[in-house]
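A.B. asks:
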Amino acid sequence: MSERDRPISIAGEAPSNAAVVQGRSRRVHKLVLRDLVVHRYFEEEVLLRRADRIAHEVIKADLRDGEYYRQVKHGVYALYLPKLTPDAGQLRVAVIGERISREIRRVHPGSIALDEMAATIASRGNKHRETTPAKSLTSKAALPDLKEHHRQATEAMKLMSSGYRLRLEELLSTADVGTTDPIARFEPIWDVSRATVSAFRCVLHDFSDMRPHGVMEPNELQIARIDALTILQARAVMQSLVSASRPCLVVAPVHLVTLQSNTYLSAFIEAIGAIPEQHRGFLLLEILGDMTEVSRYGLRHVLAYLHNRCRAVLFRTDIKTGDFSKFTENRIFAVGAAARSDVSAAQNMILLDQFASAAKRMGVRVYATGLPNKSSLLAAVAAGFDFASGAGVVHDVDYPFGACRATLDAFYRDDEYRFIPPSPAA
Amino acid sequence: MNKTRVTVIDDDASVLRSLERLLHVAGYETGGFPSMESFLASGEGSITNCLILDLLLPGMCGLEAIGLLKREFPTMKVVAISGCGRAKNREVLEAARRLGADAYFSKPLDVAELLATVRLFLQRQEEAPRSRGALK
Numbered sequence: 001m002s003e004r005d006r007p008i009s010i011a012g013e014a015p016s017n018a019a020v021v022q023g024r025s026r027r028v029h030k031l032v033l034r035d036l037v038v039h040r041y042f043e044e045e046v047l048l049r050r051a052d053r054i055a056h057e058v059i060k061a062d063l064r065d066g067e068y069y070r071q072v073k074h075g076v077y078a079l080y081l082p083k084l085t086p087d088a089g090q091l092r093v094a095v096i097g098e099r100i101s102r103e104i105r106r107v108h109p110g111s112i113a114l115d116e117m118a119a120t121i122a123s124r125g126n127k128h129r130e131t132t133p134a135k136s137l138t139s140k141a142a143l144p145d146l147k148e149h150h151r152q153a154t155e156a157m158k159l160m161s162s163g164y165r166l167r168l169e170e171l172l173s174t175a176d177v178g179t180t181d182p183i184a185r186f187e188p189i190w191d192v193s194r195a196t197v198s199a200f201r202c203v204l205h206d207f208s209d210m211r212p213h214g215v216m217e218p219n220e221l222q223i224a225r226i227d228a229l230t231i232l233q234a235r236a237v238m239q240s241l242v243s244a245s246r247p248c249l250v251v252a253p254v255h256l257v258t259l260q261s262n263t264y265l266s267a268f269i270e271a272i273g274a275i276p277e278q279h280r281g282f283l284l285l286e287i288l289g290d291m292t293e294v295s296r297y298g299l300r301h302v303l304a305y306l307h308n309r310c311r312a313v314l315f316r317t318d319i320k321t322g323d324f325s326k327f328t329e330n331r332i333f334a335v336g337a338a339a340r341s342d343v344s345a346a347q348n349m350i351l352l353d354q355f356a357s358a359a360k361r362m363g364v365r366v367y368a369t370g371l372p373n374k375s376s377l378l379a380a381v382a383a384g385f386d387f388a389s390g391a392g393v394v395h396d397v398d399y400p401f402g403a404c405r406a407t408l409d410a411f412y413r414d415d416e417y418r419f420i421p422p423s424p425a426a
Numbered sequence: 427m428n429k430t431r432v433t434v435i436d437d438d439a440s441v442l443r444s445l446e447r448l449l450h451v452a453g454y455e456t457g458g459f460p461s462m463e464s465f466l467a468s469g470e471g472s473i474t475n476c477l478i479l480d481l482l483l484p485g486m487c488g489l490e491a492i493g494l495l496k497r498e499f500p501t502m503k504v505v506a507i508s509g510c511g512r513a514k515n516r517e518v519l520e521a522a523r524r525l526g527a528d529a530y531f532s533k534p535l536d537v538a539e540l541l542a543t544v545r546l547f548l549q550r551q552e553e554a555p556r557s558r559g560a561l562k
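Line by line, the protein sequences are chains A and B.
Each step along the first sequence adds one to the number in the numbering used here, with nothing skipped, and position 425 is 425.
Each step along the second sequence adds one to the number in the numbering used here, with nothing skipped, and position 9 is 435.
1) What distance in whole Å lies between the Cβ atoms of ARG185/A and VAL251/A, which are believed to be in contact at a cut-off of 8 Å?
2) Report yes or no: is there a C-beta of chain A within less than 9 Å of the C-beta of PRO534/B?
3) Since ARG413/A meets chain B, which of its residues come closer than 8 Å, beta carbon to beta carbon?
4) One question on the structure: do LEU495/B and LEU483/B come within less than 9 Å of each other, judged by their Cβ atoms?
5) Listed from N- to C-terminal order along the chain, which residues in the region 363-397 of chain A have their beta-carbon within a distance smaller than 9 Å of any beta-carbon of chain B?
6) Give me the Cα-Cα distance between PHE315/A and TYR305/A, rounded to the nearest whole angstrom.
7) In chain order, what residues of the same chain have a beta carbon less than 6 Å from the beta carbon of ARG129/A, not counting five sequence neighbours either side?
8) Would you list, in sequence order, the uninterrupted beta strand (DSSP E) runs of no fewer than 3 residues that lie entirely inside the region 432-473 of chain B?
9) Which two residues bound the contiguous alpha helix (DSSP H) that contains VAL95/A?
10) Going by Cα to Cα distance, which pick from VAL58/A, HIS279/A and LEU284/A is closest to SER245/A?
11) Let me know if ASP87/A comes out buried or exposed under the rule of 16 or more other beta-carbons within 10 Å of its beta-carbon.
12) Can you confirm whether the region 217-237 of chain A touches the region 368-379 of chain A when touching is taken to mean that 3 or more C-beta pairs between the two stretches lie within less than 8 Å?
13) Grouping DSSP H, G and I as helix and E and B as strand, with all else coil, what is ARG311/A?
14) Kindly indicate which residue of ASP35/A, ALA388/A, HIS74/A and LEU352/A has the alpha-carbon position closest to the one of ARG49/A.
15) With DSSP collapsed to three states, give me the class of HIS395/A.
16) Looking at C-beta atoms only, is the number of pairs between the region 497-509 of chain B and the region 458-477 of chain B that lie closer than 8 Å three or more?
17) Flag this pair as yes or no: are the beta carbons of ALA357/A and TRP190/A separated by less than 9 Å?
18) Bridge partners for PHE200/A per DSSP, in chain order?
19) Leaving out five residues on either side along the sequence, give the residues of the same chain with a beta carbon under 8 Å from the beta carbon of ASP290/A.
20) With a cut-off of 8 Å on the beta carbons, I'd call LEU519/B and THR430/B a contact; round off their distance for me.
21) If you reduce the DSSP assignment to three classes, tell me which class GLY402/A lands in.
22) Going by other Cβ atoms of all chains shown within 10 Å of its Cβ, with 16 needed for buried, is ASN515/B buried or exposed?
23) Going by alpha carbons, who is nearest to VAL364/A out of GLY392/A, GLY370/A, LYS320/A and PHE324/A?
24) To the nearest angstrom, how far is it from the Cα of VAL394/A to the Cα of PHE411/A?
25) What three-state label does DSSP hand ARG64/A in the structure shown?
26) What distance in whole Å lies between the Cβ atoms of VAL366/A and ASN188/A, which are believed to be in contact at a cut-off of 8 Å?
27) Return the bridge partner residues of LEU31/A from the DSSP annotation.
28) Using a 10 Å radius around the Cβ and a threshold of 16 neighbouring Cβ atoms, would you call GLY273/A buried or exposed?
29) Name the DSSP beta bridge partners of ALA388/A, please?
30) Look at the Cβ atom of ILE231/A, then the Cβ atom of VAL254/A, and state whether they are nearer than 9 Å.
31) Check for me: the beta strand (DSSP E) holding TYR530/B runs from which residue to which?
32) Would you mind stating whether LEU249/A and ALA195/A have Cβ atoms separated by less than 9 Å?
33) Please list, in chain order, all residues of the same chain as ASP62/A whose beta carbon is under 6 Å from its beta carbon, the five residues on each side excluded.
34) What residue range is occupied by the uninterrupted beta strand (DSSP E) comprising VAL504/B?
35) Tell me whether the beta-carbon of LYS326/A lies closer than 9 Å to the beta-carbon of LEU299/A.
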């Protein structure tokens, strides 16, 4: 055992984080992880288990010669800082604590630092208005208040999450420009291995195009409203396809922010519930969001709501994503990426190739959307994408036309759309 | 004696250079282009007897180009090349065949086989009554 890892006995437990442990030595300080950070989804034990690994690394990197640490139990550390006075040592432990907190929040984005949370709650002026705004962890004065902040923050979080669950009706009644008609078109999706156009993705308005007309980036409420409206429109489409005996899969996008918010999730689930059970077999939900924004546990939590309410769940993330481990553990049917419009065709080919290769290594199915031309379609096929969509495959259509067969060469013939039967709407 | 012209289109500069050199050594007049657009702009389509075409190109891709080439230069032989040993390579090459490619090869190329195919095509072209109009 190295000297640094040698256990240090602790005589008694101090009430707050970074408190100096009385008894054998006033140079031994205690660091308690649960006083630093909480997580939106993780149970405390889960977070602590993960945070322990991070804490070990940060503390090891931070200690100087002659200083030692030892893990006392889950999330509790004793630091022996012999060269510092008790006050200086306490301050130093607070700094280390803040580094750990920052690192945990970086690795697990759903984590919230307690001081931040307390400050947010205080500024919202809710029931806990009397909460003292949190001081920085580096400040000595802030240290004794941490436990109290934690308690108040947890209570406030409970109140906030229970009191703000919007019902679908309420969500739909919030009128907003640009969000009344979320689906403009449908994007046919080509199943490469089965050589069929078997699914249609709802294409949402591109808000960046609408900026000149006074429509700004939608806020969370607007996004949730768009998601709910999309589901309701998809329901109508599926009903008409089934009644026209042209069943095909319909992919409805839903934003990650909607699923992560207790306020809007219930309304979204209510919208899915409006789809008859027999039609849900044709519904695929496509989560739109940055994969790095969701923790593994958070993703599992979100998927638990979706899996039994639709045929399968897709996840569209950034094309530069290279780590697909979260998807292998959760039941995500396929992971997608959109071709980028701001890079050259050659760069897009490289990005598509890298994305597909990384996903295939982890055994994840992949789909590409927004392929702008036939060249990018071929690049996607060559890279190993299982599904492809975009103007390079078939231009967006007003209405899904049902499943039909299409081999690769069909997309490159002059009569390229010959396989498309006339739309039932026509 | 007029040399027959074989043109290569590949966005990979090293493949392009090697194939050009190889065909030159084999006794053909050669030309090389990194993209379909530059080939069409050069006007060399009308003097090319055989075209070795990489399918995976930025801009107009090989599959898109085959139909156009067959329409504009009906006597030109098109040899499609593609690959890197990917799983979907066979499907891509099969699509090229269905679209009208005269032959197709997977990368890494079997150079001897490629040269034999080019030679065979050009020999047949010599023997067949030439429709010079299309080439001029």
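Just so you know, even glycine gets a beta-carbon here, dropped at the ideal spot from N, CA and C.
Remember, it's a predicted structure, so these values are computed and weren't measured experimentally.
C.D. replies: This is what the structure holds:
1) Counted from its first residue, the first sequence places residue 251/A at position 251. Counted from its first residue, the first sequence places residue 185/A at position 185. Between ARG185/A and VAL251/A the Cβ distance is about 13 Å, and since that is not below 8 Å, they are no contact.
2) For this step, residue 534/B is matched to residue 108 along the second sequence. PRO534/B does not count as touching chain A.
3) Start at 1 with the first residue of the first sequence, and residue 413/A comes out as number 413. By Cβ distance, chain B contributes GLY493 and LEU525.
4) In the second sequence, residue 495/B corresponds to position 69, counting from 1. In the second sequence, residue 483/B corresponds to position 57, counting from 1. Contact: no.
5) ASN373, LYS374, SER375, SER376, LEU377, LEU378, ALA379, VAL381, ALA382, ALA383, GLY384 and PHE385
6) Position 315 of the first sequence, counted from the first residue, corresponds to residue 315/A. Position 305 of the first sequence, counted from the first residue, corresponds to residue 305/A. In a straight line, the C-alpha of PHE315/A is about 15 Å away from that of TYR305/A.
7) Residue 129/A sits at position 129 when you count from the first residue of the first sequence. Low local confidence applies: a pLDDT of 36 at ARG129/A is under 50, so the model's placement there is unreliable, with the coordinate-based value given in what follows. Result list for ARG129/A: empty, nothing under 6 Å.
8) With a minimum length of 3 residues, the continuous beta strand (DSSP E) runs that stay inside the region 432-473 of chain B are 455-459.
9) Reading the first sequence from its first residue, position 95 is the one you call residue 95/A. Segment 86-107, the alpha helix (DSSP H) holding VAL95/A.
10) Numbered from its first residue, the first sequence carries residue 245/A at position 245. Taking the Cα of SER245/A as reference, the smallest distance to any Cα among VAL58/A, HIS279/A and LEU284/A is reached at HIS279/A.
11) Position 87 of the first sequence, counting from 1, holds the residue named residue 87/A. ASP87/A should be labelled exposed.
12) no
13) As a working note, residue 311/A is residue 311 in the first sequence. Secondary structure at ARG311/A: coil, using DSSP grouped into helix, strand and coil.
14) Residue 49/A sits at position 49 when you count from the first residue of the first sequence. Nearest option by C-alpha distance: HIS74/A.
15) Within the first sequence, the letter at position 395 stands for residue 395/A. Correct three-state label for HIS395/A: coil.
16) yes
17) What you label residue 357/A is simply residue 357 of the first sequence in a count that begins at 1. What you label residue 190/A is simply residue 190 of the first sequence in a count that begins at 1. Per the sequence shown, residue 357/A should be read as Ser rather than Ala. Contact flag unset, no.
18) Taking the first sequence and counting its residues from 1, the one referred to as residue 200/A is at position 200. Paired residues: PRO188/A and VAL250/A.
19) By 1-based counting over the first sequence, the position of residue 290/A is 290. LEU256, THR317 and ASP318, listed in sequence order.
20) Taking the first residue of the second sequence as position 1, residue 519/B is located at position 93. Taking the first residue of the second sequence as position 1, residue 430/B is located at position 4. Not a contact, Cβ separation roughly 25 Å.
21) As a first step, residue 402/A must be located in the first sequence, where it is residue number 402. In this structure, GLY402/A counts as coil in the three-state DSSP scheme.
22) For the purposes of this step, residue 515/B is identified with residue 89 of the second sequence, where counting begins at 1. The residue in question, ASN515/B, is buried, as its Cβ has 16 or more Cβ neighbours within 10 Å.
23) Locating residue 364/A in the first sequence gives position 364, counting from the first residue. When each option's Cα is compared against that of VAL364/A, the closest is PHE324/A.
24) As a working note, residue 394/A is residue 394 in the first sequence. As a working note, residue 411/A is residue 411 in the first sequence. Cα-Cα distance, rounded: 8 Å.
25) As a position in the first sequence, residue 64/A is number 64, starting the count at 1. Coil.
26) Here residue 188/A refers to the residue found at position 188 when the first sequence is read from its first residue. Here residue 366/A refers to the residue found at position 366 when the first sequence is read from its first residue. Sequence inspection shows Pro at residue 188/A; the Asn mentioned does not correspond to that position. Not a contact, Cβ separation roughly 18 Å.
27) Translated into positions along the first sequence, residue 31/A becomes position 31. Answer by DSSP bridge pairing, in chain order: TYR77/A.
28) Here the question's residue 273/A lines up with position 273 in the first sequence. Burial state of GLY273/A is exposed, judged by a 10 Å Cβ sphere holding fewer than 16 other Cβ atoms.
29) Numbered from 1 along the first sequence, position 388 holds the residue referred to as residue 388/A. Its beta-bridge partners are TRP190/A and ALA368/A.
30) What you label residue 231/A is simply residue 231 of the first sequence in a count that begins at 1. What you label residue 254/A is simply residue 254 of the first sequence in a count that begins at 1. Contact flag set, yes.
31) Position 104 of the second sequence, counted from the start, is the residue given in the question as residue 530/B. 529-533 is the extent of the beta strand (DSSP E) around TYR530/B.
32) Here the question's residue 249/A lines up with position 249 in the first sequence. Here the question's residue 195/A lines up with position 195 in the first sequence. Taking 9 Å as the Cβ cut-off, LEU249/A and ALA195/A do not qualify as a contacting pair.
33) The count along the first sequence starts at 1 and reaches residue 62/A at position 62. Shown here for ASP62/A: same chain residues with a beta carbon closer than 6 Å to its own, the five before and five after excluded, namely ILE96 in chain order.
34) Counting from one through the second sequence, the residue named residue 504/B turns up at place 78. Start and end: 503-509.
35) As a working mapping, residue 326/A is identified with position 326 in the first sequence. As a working mapping, residue 299/A is identified with position 299 in the first sequence. Between LYS326/A and LEU299/A, the C-beta spacing is below 9 Å.
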